[in-house]
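Before any comments, here is the structure.
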């Protein structure tokens with residue numbers, strides 16, 4: 556990014572919700588509501604202890620061809636362009 560003249564940053568809002576949970580892990584995310592209903596996450600919730608690691612792996616894999624000019628940090632992408 557050194558020597559670039561144009562910079563952009565993009566934040567993936569709710570990016571964790573783009574990753575599906577493994578079917579066998581869905582029951583592990585269950586929460587009981589005050590009305591007695593059971594809520595299970597089908598996508599990765601943002602508050603799981605180990606959620607950042609698989610999310611960061613996915614983002615790094617998707618952006619691997621662009622890493623020379625588009626590094627990423629979790630749900631933030633940075634783009635740089637020289638003239």
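Numbering (the working numbering), first residue to last: 556 to 638. Ideal Cβ placement from N, Cα and C applies to all residues, glycine included.
- Following the DSSP letters along the chain, one finds residue 608 in no beta strand (DSSP E) but inside the alpha helix (DSSP H) bounded by residues 607 to 618.
- Residue state for residue 580 is assigned as helix, using DSSP reduced to three classes.
- Residue 596 holds the alpha-carbon nearest to the alpha-carbon of residue 583 among 561, 611, 596 and 572.
- DSSP places residue 636 within a strand segment (E or B) once states are collapsed to three.
- At a Cβ-Cβ threshold of 7 Å, residue 570 and residue 630 count as neighbours.
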